[in-house]
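Colleague:
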């Protein structure tokens, strides 16, 4: 069971809170709605009305809204949401990706021993601490002088480091590093998204971030890494490197267009995962404060 409440330890919190100097807040969430773009490996996002004022009156099953005690005609609307936690801006939990003949993920967990009928029992979303840390936006299209990357473009380590140098940024321990491909400039138009679909980071960038002990790596895309993979025999080398081998979380579908337009590359990053037991990820509402 998940535990309620409790204190959260955030290293260097007071220094982090001193990062913003302008008092501007950027919303990095592209939103969610029925019919929204979503990766084919996940179910579609859906919201349906569950109870309605008229339905409750017809069914008469809510005593507290019965006419004899409800002269004010109070009504109720509730909904049922059917969705993967990997819809919209979200964070991958460690139990999201496994590898090897034993279907293993970080911490010695495996599908044979740690995957039940109600989700993963280790490395779930409930175990992800809130993200309150320094964020670094790495704008690859701006560095290359293009509005967005071409579809299936593998972002090289040279491009990544070149962008960091050109924008005067550096990556530090516990940072959240978010790479822009420009795909969100076409959100949510399917034809425009297809122009950049599959672009993403390579294993070399993941290893670079591992060496710097970052907290998370993300992009504005739905897969984070380049698709199809450029590593023979491994369709998901970035996910394996970060999640399975090094317990570094992955952020996906992060909206970076406003940061790019304003030339914002470093900020205080907030992203609060939901404590959902058994889930392999969590929707988040990420914000950048400068």
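Numbering (our numbering), first residue to last: 595 to 884. Virtual Cβ for every residue (Gly too), placed ideally from N, Cα, C.
When DSSP labels each residue in this structure, what does residue 817 get in the three-state scheme?
Modeller: coil
Colleague: Near residue 682, which residues of its chain fall below 8 Å by C-beta distance, leaving aside the five closest residues on each side in sequence?
Modeller: Cβ neighbours of residue 682 beyond the five flanking positions: 623, 624, 625, 626, 630, 639, 847 and 877.
Colleague: When the Cα of residue 780 is compared with those of 788, 867 and 774, which residue comes out closest?
Modeller: The candidate whose alpha carbon is nearest that of residue 780 is 788.
Colleague: Using the Cβ count rule (16 or more neighbours within 10 Å means buried), how would you classify residue 831?
Modeller: By the 10 Å Cβ count, residue 831 comes out buried.
Colleague: So what does DSSP say about residue 644, is it helix, strand or coil?
Modeller: strand
Colleague: Please report the straight-line C-alpha distance between residue 867 and residue 844, rounded to a whole angstrom.
Modeller: 12 Å
Colleague: DSSP puts residue 673 in a beta bridge; with which residues?
Modeller: 643
Colleague: Give the single residue among 667, 726, 649 and 688 whose Cα lies nearest to the Cα of residue 879.
Modeller: Answer by Cα proximity: 726.
Colleague: Leaving aside the five residues before and after residue 684 along the sequence, list all residues of the same chain whose C-beta is less than 8 Å from its C-beta, in chain order.
Modeller: Result list for residue 684: 845, 846, 847, 875, 876, 877 and 878, in chain order.
Colleague: Rounded to the nearest angstrom, how far is the Cβ of residue 765 from that of residue 730, given a contact under 8 Å?
Modeller: 6 Å
Colleague: Relative to the C-alpha of residue 714, which residue among 728, 839 and 697 is closest?
Modeller: 697
Colleague: Starting from residue 748, follow its DSSP beta bridges and name the residues at the other end.
Modeller: 794
Colleague: With DSSP run on the structure shown, which of helix, strand or coil describes residue 704?
Modeller: strand
Colleague: Using the Cα positions of residue 801 and residue 835, report the straight-line distance between them to the nearest angstrom.
Modeller: 7 Å
Colleague: Nearest by alpha-carbon distance to residue 818: which of 837, 768, 857 and 694 is it?
Modeller: Ranking 837, 768, 857 and 694 by Cα distance to residue 818 puts 837 first.
Colleague: Per DSSP, residue 882 is paired with what?
Modeller: Note: residue 882 sits in a beta bridge opposite 620 and 863.
Colleague: Go ahead and pull the three-state DSSP assignment for residue 777.
Modeller: helix
Colleague: Locate the beta strand (DSSP E) running through residue 786, then write down its first and last residues.
Modeller: Segment 784 to 788 is the alpha helix (DSSP H) holding residue 786; no beta strand (DSSP E) there.
Colleague: Whose CA, out of 785, 768 and 757, lies closest to the CA of residue 805?
Modeller: 768
Colleague: Kindly indicate the opening and closing residues of the alpha helix (DSSP H) around residue 854.
Modeller: 851 to 856
Colleague: State yes or no: is the C-beta of residue 747 within less than 8 Å of the C-beta of residue 678?
Modeller: Their beta carbons are not under 8 Å apart, which means residue 747 does not touch residue 678 by this criterion.
Colleague: From residue 828 to residue 753, what does the alpha carbon distance come to, in whole angstroms?
Modeller: 22 Å
Colleague: Can you name the start and end residues of the alpha helix (DSSP H) that residue 960 belongs to?
Modeller: The first residue shown for the chain is 595 and the last is 884, placing residue 960 beyond what the model contains.
Colleague: How is residue 845 classed by DSSP in three states: helix, strand or coil?
Modeller: Three-state result, residue 845: strand.
Colleague: Between residue 613 and residue 633, what straight-line distance do the alpha-carbon atoms span, to the nearest angstrom?
Modeller: 35 Å
Colleague: Taking only runs that begin and end inside the segment 708 to 764, name each unbroken alpha helix (DSSP H) of 4 or more residues, in chain order.
Modeller: 734 to 738 and 751 to 760
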